[in-house]
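Note sheet for the following structure.
In structure tokens form, the structure reads like this:
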């Protein structure tokens, strides 16, 4: 079994995770974590969606495949739906197989700044456990819900081996910006300036209007459509890569997997 190349605290956290799950891992990711909060790419564009997976997730998989583009999906465990549902499992497995980046967005879409360190660890542990079971990975990139992460939170996430990212341009879908205005915001990009735009996949217009307009447009401008790990040259996408597990009775979003502080 290969050894983890992570800071001591992060290595201890992952050892506890693997002990709890009871499965070995096959590949360890190199330690390549950026400290602080990263708000933009080094190069090109990383088109990202928060609050995954939602009912239109497979449409995004198809759209990005048609445009030969990569996406980054920041995943919750129990927010708009349970990550363990058969539909969500299949959607995430298809995304991962297509080479999209699967990042953490906490288990229950919480306000990280309002949590104790223990509560935050629980949120991260639960989504890590779910993604290990479903995909055989432990993510190395996290986007804090609402973009909220104070210095203590960022330090805790960095210590767990995470690169913490937010965005440089918000499509505005989560606050009611109409599709035409979201497109205008994103079409203001001037090549070769890099960008890390924020979108949310539970808003249908972001899936069936904005993204279909933006992917061909950005490629025509000369941009490569990369994952966030790719656009941050050298950042590890995952801390651990192994094998997905077989579904059993622990694949649940029941009371034992729903921290009381979880919210939308």
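Numbering (the UniProt record's numbering), first residue to last: 1 to 264. Where a beta carbon is used, it is the ideal one built from N, C-alpha and C, also for glycine. None of these values were measured; they are calculated from a predicted model.
A straight-line Cα-Cα distance of about 20 Å links residue 50 and residue 184. According to the DSSP assignment, residue 197 belongs to the beta strand (DSSP E) that extends over 197 to 200. Note on residue 220: under 16 other CB atoms within 10 angstroms of its CB, so exposed under the neighbour-count rule.
For residue 82, the three-state secondary structure derived from DSSP is strand. Of the residues 234, 187 and 88, the one whose Cα lies closest to the Cα of residue 42 is 234.
Around the Cβ of residue 35, a 10 Å sphere holds fewer than 16 other Cβ atoms; the residue is exposed. The continuous alpha helix (DSSP H) containing residue 153 extends over residues 151 to 159. DSSP assignment within the region 158 to 184 yields the following whole beta strand (DSSP E) runs of 3 residues or more, N-terminal first: 163 to 165.
For residue 101, the enclosing beta strand (DSSP E) starts and ends at 101 to 104. For residue 72, the beta-bridge partners assigned by DSSP are 48 and 101.
The beta carbon of residue 143 lies closer than 7 Å to those of 50, 74, 103, 105, 165 and 166 in the same chain, with the five residues before and after it left out.
DSSP places residue 239 in no alpha helix (DSSP H) but in the uninterrupted beta strand (DSSP E) bounded by 238 to 241.
The alpha-carbon of residue 64 is positioned some 8 Å away from that of residue 215. In summary, residue 160 is buried, with 16 or more beta-carbon neighbours lying within 10 Å of its beta-carbon over all protein chains present.
Per DSSP, reduced to three states, the secondary structure at residue 192 is coil, with no helix or strand assignment. Per DSSP, reduced to three states, the secondary structure at residue 216 is helical. By the neighbour-count definition (other C-beta atoms within 10 Å, threshold 16), residue 254 is an exposed residue. Shown here, residue 225 sits in a strand according to DSSP, grouped into three states. CA-CA distance, residue 58 to residue 189, rounds to 27 Å. For the pair of segments examined, the region 122 to 139 was found not to touch the region 169 to 177: the number of CB pairs separated by less than 8 Å stays below three. Using a Cβ distance threshold of 7 Å, residue 94 and residue 61 count as a contacting pair. Residue 175 counts as exposed, since fewer than 16 other C-beta atoms from the protein chains shown sit within 10 angstroms of its C-beta. Put simply, the region 72 to 88 touches the region 114 to 128. At least three CB pairs are less than 8 Å apart. Nearest to residue 101 by C-alpha distance, out of 250, 204, 249 and 241, is 241.
Contact between residue 225 and residue 69 holds, since their C-beta atoms are separated by about 3 Å, short of 8 Å.
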